[in-house]
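Novice: I have a structure here, written as structure tokens, and I will follow up with some questions on it.
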Amino acid sequence: MGLDIMHYVADSASPFSDRFIGRRAYKAFRRPASKRTAMLVPGFGGGPRSLFVLRQTAEDAGYRTVDWGQGFNTGDVRHFLPLVQRRVRELAESSGEPVTLIGWSLGGYISREVARDMPQHVRQVITLGTPVIGGPRYTIVAKFYERQGHDLDQIEADIKARYDNPIQVPVKAIYSRRDGVVSWEACIDHWTPDIEHIEVPQAHLGLGFSPSVQRIVSRLLKVSEMEVTSATPAPLTAMSTGEP
194 MGLDIMHYVA DSASPFSDRF IGRRAYKAFR RPASKRTAML VPGFGGGPRS
244 LFVLRQTAED AGYRTVDWGQ GFNTGDVRHF LPLVQRRVRE LAESSGEPVT
294 LIGWSLGGYI SREVARDMPQ HVRQVITLGT PVIGGPRYTI VAKFYERQGH
344 DLDQIEADIK ARYDNPIQVP VKAIYSRRDG VVSWEACIDH WTPDIEHIEV
394 PQAHLGLGFS PSVQRIVSRL LKVSEMEVTS ATPAPLTAMS TGEP
């Protein structure tokens with residue numbers, strides 16, 4: 194994580210980098226207001242400030258960014274899921290556009306479950322180091338959940354049962370074999386129809402800061418927007434309708 198933060202600082206200070214603070218400020222000044230919204234969901238123990246680099250990345254890609262509105266992620270998925278669903282619904286209805294969800298670790302799991310339950314309000318999901326199998330069982334915080342009285346067997350069974358209803362929006366899953374917090378095998382999704390796995394060399398705590406990971410997230414955001422734009426039907430003209 195320390196190395197990734199150093200790389201981020203160096204990248205932001207270099208005038209030859211796209212993340213150079215002066216270049217970003219100039220682009221932000223010229224950027225038109227966007228209806229595209231990206232919601233950022235933090236990982237276990239994290240809050241909105243832990244996602245400030247991802248926020249910059251989404252804004253540079255032309256998105257209006259919002260945090261999940263729940264403060265620190267205490268790990269209580271049952272509590273947070275309906276609250277995040279309500280916020281996503283409100284954002285989608287107010288903008289008239291589906292919301293892109295970007296989640297780090299447990300935040301990615303919450304994002305995926307929101308998309309599973311309400312695909313009409315979600316454009317795509319981007320996850321970083323997110324376990325999709327077994328919940329906390331295959332993570333470094335498994336003992337914490339056990340001490341809190343959670344039944345890890347039941348959590349794993351509940352998660353497996355939800356896959357009977359596949360996620361119907363695109364999911365981009367960034368993962369690392371060097372994660373160190375989440376077992377990389379638990380990040381591999383075998384059930385979602387539209388899933389892309391992207392392997393990176395970073396450790397778990399560096400995923401949200403690494404310039405190379407941020408470039409991947411930026412590409413995914415821009416590609417998604419290009420696909421939506423190209424799929425939008427052209428307006429009818431006199432020639433296409435056969436009218437004089």
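Letter by letter, the sequence shown follows residues 194 to 437 of the numbering used here.
Just so you know, even glycine gets a beta-carbon here, dropped at the ideal spot from N, CA and C.
As the structure is a prediction and not an experimental result, all values here were calculated from the model.
1. Apply the 10 Å Cβ neighbour rule to phenylalanine 237 and answer buried if 16 or more other Cβ atoms are within range, or exposed otherwise.
2. Output needed for alanine 396: all residues of its chain with C-beta closer than 6 Å, excluding positions within five of it in sequence on either side, in chain order.
3. Do alanine 379 and alanine 295 count as a contact pair if the criterion is CB distance below 8 Å?
4. Assuming arginine 316 and valine 292 are in contact, meaning their beta carbons sit under 8 Å apart, how far apart are those beta carbons, in whole angstroms?
5. Just to confirm the assignment, what range does the alpha helix (DSSP H) spanning serine 310 have?
6. By a C-beta neighbour count over all protein chains shown, 10 Å radius and 16 as the cutoff for buried, is asparagine 443 buried or exposed?
7. Using three-state DSSP, classify glutamate 389 as helix, strand or coil.
8. Could you round the C-beta distance between valine 410 and aspartate 387 to whole angstroms and report it? I think they count as a contact, below 8 Å.
9. On the three-state DSSP scale, how would you describe arginine 370?
10. Per DSSP, what are the beta-bridge partners of aspartate 260 in this structure?
11. Assuming valine 246 and leucine 284 make a contact with CB atoms under 8 Å, what is their CB distance in whole Å?
12. List the residues that DSSP assigns as beta-bridge partners of threonine 332.
13. Cβ of valine 281 within 8 Å of Cβ of isoleucine 303?
Specialist: Taking the geometry as given:
1. Residue burial is scored here from C-beta neighbours: phenylalanine 237 has at least 16 other C-beta atoms within 10 angstroms and is therefore classed as buried.
2. Here the set comprises Arg371, Gly373.
3. Just to set this straight, residue 295 is isoleucine in the shown sequence, not alanine. No, Cβ-Cβ distance for isoleucine 295 and alanine 379 is not below 8 Å.
4. Between valine 292 and arginine 316 the Cβ distance is about 6 Å, and since that is below 8 Å, they are a contact.
5. Here residue 310 is aspartate; the residue named in the question, serine, does not match the sequence. Per DSSP, aspartate 310 belongs to the alpha helix (DSSP H) from 299-310.
6. This structure cannot settle anything about residue 443, because the visible part of the chain is limited to 194 through 437.
7. Correct three-state label for glutamate 389: strand.
8. In this structure valine 410 does not touch aspartate 387 by the C-beta definition: roughly 18 Å separates them, more than the 8 Å allowed.
9. The answer is coil: DSSP assigns arginine 370 none of H, G, I, E or B.
10. Aspartate 260 pairs with Leu233.
11. Rounded, the Cβ-Cβ distance is 22 Å, inconsistent with contact.
12. According to DSSP, threonine 332 shares a beta bridge with Val375.
13. Going by C-beta atoms, valine 281 is not nearer than 8 Å to isoleucine 303.
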